[in-house]
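Protein chains: 2
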Amino acid sequence: MDRRQKKTRSAIFSAFIELLDKKDYGKISVQEIIDEADVGRATFYMHFETKDFLLKALCEELFEHILDCSNGKSGNHSHYSSCKRQCGAFSHLFEHLKENDDNLLKLLSSRNNELFVSYFKENLNKMVEEQVEFANKIDKLMPKEFIVNHISATFVDTVMWWIKGGKKESTDTMVGYFYALLDGIIK
Amino acid sequence: MDRRQKKTRSAIFSAFIELLDKKDYGKISVQEIIDEADVGRATFYMHFETKDFLLKALCEELFEHILDCSNGKSGNHSHYSSCKRQCGAFSHLFEHLKENDDNLLKLLSSRNNELFVSYFKENLNKMVEEQVEFANKIDKLMPKEFIVNHISATFVDTVMWWIKGGKKESTDTMVGYFYALLDGIIK
DNA sequence: TAATATATTGAACACATTGTTCAAAAGGAG
DNA sequence: CTCCTTTTGAACAATGTGTTCAATATATTA
Chain S
1 MDRRQKKTRS
11 AIFSAFIELL
21 DKKDYGKISV
31 QEIIDEADVG
41 RATFYMHFET
51 KDFLLKALCE
61 ELFEHILDCS
71 NGKSGNHSHY
81 SSCKRQCGAF
91 SHLFEHLKEN
101 DDNLLKLLSS
111 RNNELFVSYF
121 KENLNKMVEE
131 QVEFANKIDK
141 LMPKEFIVNH
151 ISATFVDTVM
161 WWIKGGKKES
171 TDTMVGYFYA
181 LLDGIIK
Chain V
188 MDRRQKKTRS
198 AIFSAFIELL
208 DKKDYGKISV
218 QEIIDEADVG
228 RATFYMHFET
238 KDFLLKALCE
248 ELFEHILDCS
258 NGKSGNHSHY
268 SSCKRQCGAF
278 SHLFEHLKEN
288 DDNLLKLLSS
298 RNNELFVSYF
308 KENLNKMVEE
318 QVEFANKIDK
328 LMPKEFIVNH
338 ISATFVDTVM
348 WWIKGGKKES
358 TDTMVGYFYA
368 LLDGIIK
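Sequence lines, in order, name chains S and V.
Residues 1 to 187 in our numbering are what the first sequence lists, from first letter to last.
Residues 188 to 374 in our numbering are what the second sequence lists, from first letter to last.
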């Protein structure tokens with residue numbers, strides 16, 4: 001990829017994240033992104049069809065990174081040792097949120113985040129399908145995709161509750177709450 | 188309230204609901220609402236500051252009605268007999284959704300519904316706080332508001348999953364799923 | 001009914017945002 | 001150096017927003 005393209009793309013991403021820190025997704029205009037990124041108007045539209053596509057692209061980069069981590073493809077995470085459960089992927093995700101090394105938190109914290117949340121759930125669903133085993137009883141009571149959906153949704157809701165309350169609880173506490181909610185559902 | 192005001196207000200509400208049936212909330216313009224309602228531009232802004240305030244007003248009317256029903260203040264519901272559980276409020280809500288006698292479903296089905304969903308959860312939280320008793324164990328493990336939030340969120344997520352899948356399951360089935368998810372959490 | 005108060009109307013307004021187009025300029029690759 | 005691609009900024013039409021105003025229509029009350 002052309003060095004110029006990389007530079008532009010990354011400038012737009014940075015500007016976008018910067019703005020998300022200050023105001024709601026829905027209230028950010030393309031003009032503002034352009035100004036913050038210091039990039040020509042035509043250039044923005046060369047790279048992204050609309051603002052929604054920009055978000056989508058950002059999400060894809062983000063989740064690719066996080067899911068790679070969860071699958072252990074990148075072993076440089078010091079908190080790996082704290083994964084005690086069979087499906088420690090959730091602890092792992094919480095650590096990501098705590099460390100704020102990616103921009104998950106900013107995106108989750110901003111209002112008008114429903115587009116982002118839906119991407120988040122989509123990707124969580126994939127992860128849950130691959131990595132989580134259900135308790136025996138529940139498995140026969142209802143469709144598998146419904147359970148998968150519930151687990152992902154519960155995770156997102158738990159995180160959102162945590163964020164809204166100012167993140168006062170430790171991640172360990174929150175992971176504990178999370179698994180308690182899913183007692184009898186996750187094996 | 189002036190007869191003219193009532194008429195205008197109701198025309199705007201009707202137009203709004205009509206449009207929600209056809210397209211996403213986020214893509215409906217005030218202009219369209221005005222045209223559909225056959226009302227002057229200035230009149231719309233006389234009644235509602237913005238489109239978001241219109242949605243808020245609609246939600247308030249909607250939930251007032253539904254919560255009144257759930258509290259038994261209006262006894263003309265034939266499906267009251269089907270409430271078998273201590274907290275039959277959820278069955279009751281599902282029946283509302285099934286019958287589609289209010290516009291809950293339309294609002295939940297449209298995309299860009301995050302504003303509406305947040306109002307929905309807010310009102311559900313109130314209801315859960317008043318009407319639902321928790322299982323003994325869980326009560327000591329985590330904060331009450333966290334549990335309340337989980338119950339409301341689970342209900343919304345269950346309904347959303349049902350809607351997205353085309354509402355193939357019966358409401359009884361869905362209520363069964365819902366309570367199964369909350370086994371050990373609700374008394 | 002008549003007088004008074006209030007609501008509606010539609011046009012015009014300034015302003016913001018969107019997404020496109022184009023020719024000139026700048027930057028990379030070979 | 002030369003060719004190819006990207007960036008640039010200005011200009012554009014189209015759409016939407018929220019306000020203002022004077023004329024008109026409709027309630028309310030006496």
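Glycine included, every Cβ here is placed at the ideal spot set by N, Cα and C.
In this text the structure is predicted, and so the values were computed from the model without any measurement.
Inter-residue Cα distance where the pair is residue i and residue j
i: Y45 (chain S); j: K23 (chain S); result: 22 Å
i: S109 (chain S); j: R190 (chain V); result: 44 Å
i: E145 (chain S); j: G88 (chain S); result: 20 Å
i: K106 (chain S); j: Y306 (chain V); result: 22 Å
i: K164 (chain S); j: R111 (chain S); result: 11 Å
i: T154 (chain S); j: Q192 (chain V); result: 43 Å
i: E49 (chain S); j: D157 (chain S); result: 31 Å
i: G176 (chain S); j: A135 (chain S); result: 18 Å
i: L181 (chain S); j: V132 (chain S); result: 15 Å
i: V217 (chain V); j: K140 (chain S); result: 48 Å
i: E223 (chain V); j: L241 (chain V); result: 15 Å
i: W348 (chain V); j: R228 (chain V); result: 38 Å
i: Y212 (chain V); j: L291 (chain V); result: 14 Å
i: S278 (chain V); j: H65 (chain S); result: 42 Å
i: H47 (chain S); j: I34 (chain S); result: 12 Å
Contact list for residue i against chain V, beta-carbon separation under 7 Å
i: L141 (chain S); result: A367
i: D183 (chain S); result: G371
i: A57 (chain S); result: The premise fails here: A57 (chain S) is roughly 20 Å from chain V at the closest Cβ pair, so nothing lies under 7 Å.
i: E49 (chain S); result: Result: empty, since nearest Cβ-Cβ is about 16 Å, beyond 7 Å.
i: A42 (chain S); result: Residues of chain V passing the Cβ test: none, with the nearest at roughly 25 Å.
Interface residues of chain S facing residue i [CB-CB closer than 8 Å]
i: Y364 (chain V); result: L141, M142 and F146
i: E320 (chain V); result: Result: empty, since nearest Cβ-Cβ is about 17 Å, beyond 8 Å.
Beta-carbon contacts of residue i that lie in its chain and below 8 Å, excluding the five residues immediately before and after
i: I28 (chain S); result: F16, L19, L20 and K51
i: I372 (chain V); result: F321, A322, I325, I334, H337 and I338
Candidates the options, of which the one nearest residue i by Cα
i: N310 (chain V); options: V:L292, V:A322 and V:N336; result: V:N336
i: I138 (chain S); options: S:W161, S:I33, S:K187 and S:F120; result: S:K187
i: D68 (chain S); options: S:T43, S:H96, S:Q5 and S:S10; result: S:H96
i: V226 (chain V); options: V:E251, V:L369, V:F235 and V:A198; result: V:A198
i: K7 (chain S); options: S:Y25, S:Q31 and S:T43; result: S:T43
i: F116 (chain S); options: S:K140, S:E60 and S:I33; result: S:E60
i: N300 (chain V); options: V:G353, V:K355 and V:K243; result: V:K243
i: F225 (chain S); options: S:V159, S:I185 and S:L58; result: With chain S covering 1 to 187 only, the question about residue 225 (chain S) has no answer from this structure.
i: M142 (chain S); options: V:P330, V:Y366, V:E286 and V:K285; result: V:Y366
i: E169 (chain S); options: S:I33, S:K98, S:E32 and S:G26; result: S:K98
i: N287 (chain V); options: V:T358, V:K308, V:E219 and V:M314; result: V:T358
Beta-carbon contacts of residue i that lie in its chain and below 6 Å, excluding the five residues immediately before and after
i: E316 (chain V); result: V335
i: N312 (chain V); result: V335 and S339
Contacts that residue i makes with chain V (C-beta to C-beta distance below 9 Å)
i: I138 (chain S); result: A367, L368 and D370
i: E95 (chain S); result: Under the 9 Å cutoff, chain V gives no residues; its nearest Cβ is about 20 Å from E95 (chain S).
Beta-carbon neighbours of residue i, restricted to chain V and to distances below 8 Å
i: N149 (chain S); result: D344 and W348
i: A11 (chain S); result: By Cβ distance, chain V contributes nothing, its closest Cβ being about 27 Å from A11 (chain S), past 8 Å.
beta-carbon residue i near the ligand SAM non-hydrogen atom, thresh 6 Å
i: I34 (chain S); result: Of ligands this structure carries none, so the ligand SAM is not represented either.
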